[in-house]
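J.: Here's a structure for you.
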């Protein structure tokens, strides 16, 4: 399955543009960033949520302080790894280490990016079969989409397979 149309062309343009400018100047020039332009739609069969095990995937950069490594690093190339967070842990107990978005709404109410209470209500009402034992969290700031395809997506898929999920809800930050 194709995830990135014209991957090699995109990577060459990325390296010659945004990446080169950042490497040489340390400047984040988003006007030089080449957004991927996919024409291929990735899809699959529909699922019956009332019979599904749903995993929540957030790009909010949540982690468990003192137990897991925070996401942000000193450089601006991003992080491409994931953290697994217990679904039954109160969302307000998770820390955010992703500094590339405004945390105001998430700090006020974690349900904005981790709607676990709302989803549990849907499970209780029979609208969702069950929730996966873990939330998948990663840092949404990932400028190199080839690394997303090579690192982040396989890690997310492996975690989903391990938890035997049949549906996913992506909550972008």
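Residue numbers (our numbering): 13 to 185. Glycine included, every Cβ here is placed at the ideal spot set by N, Cα and C. All values derive from a computational prediction rather than experimental measurement.
1. Tell me whether residue 110 is buried or exposed, calling it buried when 16 or more other Cβ atoms sit within 10 Å of its Cβ.
2. Report yes if the CB atom of residue 133 is closer than 8 Å to the CB atom of residue 122, and no otherwise.
3. Do you know offhand how far residue 149's Cα is from residue 177's?
4. Okay, do the region 48 to 58 and the region 15 to 27 touch, 3+ Cβ pairs below 8 Å being the bar?
5. Among 26, 61 and 39, which residue has its Cα nearest to the Cα of residue 49?
6. Quick check: what's the CA-CA separation for residue 120 versus residue 21?
7. Among the candidates 124, 141 and 91, whose CA atom is the shortest distance from the CA of residue 167?
8. With H, G and I counted as helix, E and B as strand and the rest as coil, what does DSSP make of residue 26?
9. Quick one: Cα of residue 88 to Cα of residue 112, how far?
10. Output the boundary residues of the alpha helix (DSSP H) element that contains residue 63.
T.: On the basis of the data shown:
1. Buried, since its Cβ has 16 or more Cβ neighbours within 10 Å.
2. Between residue 133 and residue 122, the CB-CB gap reaches or exceeds 8 Å.
3. In this structure, the alpha-carbon of residue 149 lies about 15 Å from that of residue 177.
4. Yes: the two stretches touch, three or more of their Cβ pairs being nearer than 8 Å.
5. The candidate whose alpha carbon is nearest that of residue 49 is 26.
6. Going by the C-alpha atoms only, they are around 42 Å apart.
7. Of the listed residues, the one whose Cα sits closest to residue 167 is 91.
8. Reduced to three states, the DSSP call for residue 26 is helix.
9. Rounded to whole angstroms, residue 88 to residue 112 spans 10 Å at the Cα level.
10. DSSP places residue 63 in no alpha helix (DSSP H); its state is neither H nor E.
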